[in-house]
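The structure appears below as structure tokens.
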Amino acid sequence: MDSVIVVIDVAKGVEEQTEKLVEVCRMRNIPMIVFINKLDREGKDAFDLLDEVEQKLGLKVTPLSFPIGMGYDFKGIYNIWEKNINLFSGDSRKNIEETIAFNDINSPELEKIISEQSAENLRSDLELVYEVYPKFDREAYLKGDQQPVFFGSALNNFGVRELLDCFVEIAPSPRPKASEERIVNPEEPTFTGFVFKIHANMDPNHRDRLAFVKIVSGTFERNKPYLHTRLGKKLKFSSPNAFFAEKKEVVDISYAGIL
Numbered sequence: 326m327d328s329v330i331v332v333i334d335v336a337k338g339v340e341e342q343t344e345k346l347v348e349v350c351r352m353r354n355i356p357m358i359v360f361i362n363k364l365d366r367e368g369k370d371a372f373d374l375l376d377e378v379e380q381k382l383g384l385k386v387t388p389l390s391f392p393i394g395m396g397y398d399f400k401g402i403y404n405i406w407e408k409n410i411n412l413f414s415g416d417s418r419k420n421i422e423e424t425i426a427f428n429d430i431n432s433p434e435l436e437k438i439i440s441e442q443s444a445e446n447l448r449s450d451l452e453l454v455y456e457v458y459p460k461f462d463r464e465a466y467l468k469g470d471q472q473p474v475f476f477g478s479a480l481n482n483f484g485v486r487e488l489l490d491c492f493v494e495i496a497p498s499p500r501p502k503a504s505e506e507r508i509v510n511p512e513e514p515t516f517t518g519f520v521f522k523i524h525a526n527m528d529p530n531h532r533d534r535l536a537f538v539k540i541v542s543g544t545f546e547r548n549k550p551y552l553h554t555r556l557g558k559k560l561k562f563s564s565p566n567a568f569f570a571e572k573k574e575v576v577d578i579s580y581a582g583i584l
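Its first residue numbered 326, the sequence shown is counted upward by one per residue in my numbering.
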């Protein structure tokens, strides 16, 4: 793996399987970004979760976004990385309002955007963030010595764009991969990939088997035939899926470095 996004449930916190996976990443110095998920549901306090991530996973975190309220009072995300606010409205919590650039959180304009109490709480939270946690250091992140943290809800796309925008900017480029015959470089135009895990019966209602593939080079396109080197025949994939937390979607095209 070139880099990893670790997803933490706001209510459950750090789970046993997450500890095992993170330990493998730490041993290999793989860059990690932490995404604290399901902020629109009731759960643990944001600072308690940050402490738990550090203590249980042995990570050195630095928040690059922070929630404005949580659970029933969740109003959106303050993006520390880009200095803007994303507010969310509507009973379904799926309507994303326009992103608002906001460099000075002490401006009285903040009370006009969110409530007076929410503004006071956000200022207090960010003051603590700036005092307790180190500034983001990309070199430390790439060495596996520092882990940025983002908050949001993958199901409703809260804070996901902020996470992915940052990931694209800071994450390392795909690495070359050794095959049986040669080294495959990610810049090569021909599609190559390798199956690194097969998972059976992920859907309790169906008998199924999923093969997880990492794209090493080129571009993968849905419904295009590709050669299975071991079987010596071409296969076509009509419903390839990409996963993020509990959400999956069919992908039409994908690129080197993506699973």
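Beta carbons: idealized from backbone N, C-alpha and C, even for Gly.
Listed as beta-bridge partners of residue 579 by DSSP are 545. Between residue 577 and the set 546, 560 and 553, the nearest pair of CA atoms involves 546. Exclusion of the five residues before and after residue 379 leaves 385 and 386 as the residues of its chain whose Cβ lies within less than 8 angstroms of its Cβ.
Taken through DSSP and simplified to helix, strand or coil, residue 353 comes out as coil. Secondary structure note for residue 446: its alpha helix (DSSP H) is the uninterrupted segment 441–457. Take the alpha-carbon of residue 412 and the one of residue 430: they are about 15 angstroms apart.
In the DSSP annotation of this structure, the continuous segment of the alpha helix (DSSP H) that includes residue 495 starts and ends at 485–495. By the CB criterion at 7 angstroms, residue 508 and residue 540 fall outside the cutoff.
Secondary-structure assignment with DSSP links residue 433 through no beta bridge to anything. Relative to the Cα of residue 353, the nearest Cα in the group 563, 467, 483 and 454 belongs to 467. Out of 335, 340, 349 and 511, the CA that lies nearest to the CA of residue 469 is found in 349. DSSP places residue 380 within a helical segment (H, G or I) once states are collapsed to three.
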